[in-house]
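Each remark here refers to the structure printed beneath this line.
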Amino acid sequence: MEFACRIEKLPEGCADIDNDLYGDAAHASTWHSDDTSHELATLQLLNAARIPYFDRVWRHQLMLSPARPGTFCEIGCGGGIATGGLAGLGYHMTGVEPAAASLEAAREHARRLGLQERMCFVQGDAYDLSMFPDNCFDGIVMADVLEHLYDLPAAIGQLWRVLRPGGVFLFDTINRTYPSHVLAIALAQDGLGMVPPRTHDWRLFIKPLELSFLLQAHGFCVDTSHFRGLAPGPGLPNPLKVVEALRQGRAPRVPLGPFVEISSLQVNYMGFAIKPEMATGEPPWHAPGELTRGLREASRTL
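Position one of the sequence shown corresponds to residue 3 (the numbering used here), numbered consecutively onward.
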């Protein structure tokens, strides 16, 4: 059963999801593994589609020169997979992540890439960005994070505060549909074990119109026609790993290829929202109870 309303605050712990796994050293050591067929390394495959999209939107909406000037932030950066991809294009990135083990993986990734001058990391989470002043970032990205949050309004309120007027918020997340349950939960998570158990709970996935409503309620300009889907391309199995698996009496892992950008939003999708140039101070709503009622009523029709 779905939650009564996904876009209002949910009680902590009401979903069957383990957000603490990113602080486990064993899991955190897999962020940048060469084997992208399982564990957290599977997120590397998303960069092939999302990094060009993120770059295209920021350059176009912010009218950036090829040097990509400005200050940018990834909230919930994990091991720095998306942070590193954007820094490699010239962006100066700040990564925010609550899990110390994942932060260390991100810093080591920056050292391996030789991009320490363009990447810095701080410990924090989406609900508390008090370490940053108001209006300090030109762009913010949350990659594969929104579907892990219990309090979406609080997170959106925080990023509104630290994003400058005219700034652009980017995201990728997972739609709450039957295909997403089959592919992301039944197959990738529970069936093939490509990601750790309890990485996701289908009930926390977010429909595009829900997310659009929530962002607009906080004052953002959003157009879902600009949202784009992501889908994995076909992967090529490693013959040696196939033989090894068969010798051990287990089924070979089904490899995924790098993700590609598609038009369908049925499973994974990405998009952006803009904080208006004239925006000042707090978001335009001031009555939390009234906002919550509006969110609940809208979610029932989506």
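For each residue, glycine too, the CB sits at the ideal point set by N, CA and C.
Could you check the C-alpha separation between residue i and residue j for me, to the nearest Å?
| i | j | result |
| --- | --- | --- |
| F229 | Q118 | 32 Å |
| T226 | Y152 | 23 Å |
| R70 | D203 | 36 Å |
| I9 | E149 | 11 Å |
| F215 | Q46 | 30 Å |
| R58 | L115 | 22 Å |
| G273 | F171 | 9 Å |
| G25 | G195 | 19 Å |
| L91 | I276 | 22 Å |
| G168 | D22 | 34 Å |
| H34 | D192 | 22 Å |
Among the options, which has the Cα closest to the Cα of residue i?
| i | options | result |
| --- | --- | --- |
| R163 | D136, I176, L189 | D136 |
| A27 | Q63, A108, L48, R61 | A108 |
| L12 | I264, A281, L206, G259 | L206 |
| L105 | E263, G72, G126, P155 | G126 |
| C122 | A156, S132, V147, I77 | I77 |
| L211 | Q191, Y271, P260 | Y271 |
| G72 | A145, A156, F139, Q160 | F139 |
| L66 | G141, Q191, S265 | G141 |
| D20 | V262, A6, A84, A101 | A101 |
| A17 | F261, S265, T201 | T201 |
| L258 | H40, E14, T32, A6 | H40 |
| I264 | M3, A50, T32, G15 | A50 |
| L1 | G235, P236, F222 | Because residue 1 is not part of the residues shown, which for the chain are 3 to 304, the question remains open. |
| V143 | T96, A188, L154 | T96 |
May I ask you to list the residues that DSSP assigns as paired with residue i?
| i | result |
| --- | --- |
| L172 | V143, F274 |
Please work out which residues of its chain come closer than 7 Å, Cβ to Cβ, to residue i, disregarding the five sequence neighbours upstream and downstream, and give them in chain order.
| i | result |
| --- | --- |
| I158 | L216, L217, H220 |
| V112 | It should be pointed out that residue 112 corresponds to Ala in this sequence rather than to Val. So the qualifying residues of the chain are G82, G86, Q118, M121. |
| T38 | T44, Q46, L47 |
Closer than 8 Å by C-beta to residue i: which residues in its own chain qualify, once you throw out the five before and the five after it? Chain order, please.
| i | result |
| --- | --- |
| V269 | I176, N177, T179, P181, S182, L185, A186, G231, L232, A233 |
| A30 | Y24, L42, G81, A101, A103, S104, E106, A107 |
Does any C-beta atom of chain D lie closer than 8 Å to the C-beta of residue i?
| i | result |
| --- | --- |
| F222 | The structure shown contains no chain D; it holds only a single protein chain. |
With a threshold of 6 Å on Cβ separation, who are the neighbours of residue i within its own chain once the five nearest residues in sequence on each side are excluded?
| i | result |
| --- | --- |
| E279 | P167, G168 |
| Y93 | R70, F74 |
| R52 | D174, M272 |
| Q160 | L131 |
Fully enclosed by the region 24-72, which alpha helix (DSSP H) runs are 4 residues long or longer?
Entirely contained in the region 24-72, the alpha helix (DSSP H) runs reaching 4 residues are, in chain order, 27-30, 49-63.
Would you mind listing the alpha helix (DSSP H) stretches within the region 171-240 that are 4+ residues and don't spill past its ends, in chain order?
Runs found: 210-219.
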